[in-house]
Amino acid sequence: MYGFTQYGGPEVQEFLDVPDVKSREKSVLIKTKAAGINPADIKVRSGKRTGSIPVNFPMAMGREAAGLVIAADPASGLAPGDKVFGSTATGTGALAEKVLLNAAQTAKIPDGVSGPDPRKVDTVG
């Protein structure tokens, strides 16, 4: 994953080898195909959002991602293989091979939409 192990400026960002994230209740586990970076990432990395966004070190950068469902909470209506996009689950980030999305903020990618386009409509700083 690409992330950070402590709060700070751009110098704390690095590639990290970490165990795969595990599926959990009210989440969707995806194999990442695209991810976005936005101004919130700078605030989270710098420690300016500690009161509103929990961080579990090491923390991946990115607040939104698109990819293929590996596993999903049954209540989400999503199934393995579905193409989806959404916001990351609390305490997780998007710049990783596998990402946890918040099931309530995840949607199927409509037929005919391809590439990284879906990740652009989710989060705006």
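Taken in order, the sequence shown gives residues 1020 to 1144; the numbers are from the numbering used here.
Cβ coordinates follow ideal geometry from the N, Cα and C atoms, glycine included.
Who pairs with residue 1033 in a beta bridge, going by DSSP? 1022
Are the Cβ atoms of residue 1047 and residue 1094 separated by less than 7 Å? no
Write down the C-beta distance between residue 1044 and residue 1101 rounded to the nearest angstrom, noting that I regard them as a contact closer than 8 Å. Not confirmed; about 18 Å, so no contact.
Assuming residue 1107 contacts residue 1082 (C-beta within less than 8 Å), just tell me the rounded distance between them. 6 Å
With DSSP collapsed to three states, give me the class of residue 1108. coil
Any contact between the segment 1020 to 1030 and the segment 1112 to 1119? By contact I mean 3 or more CB pairs, one from each, below 8 Å. yes
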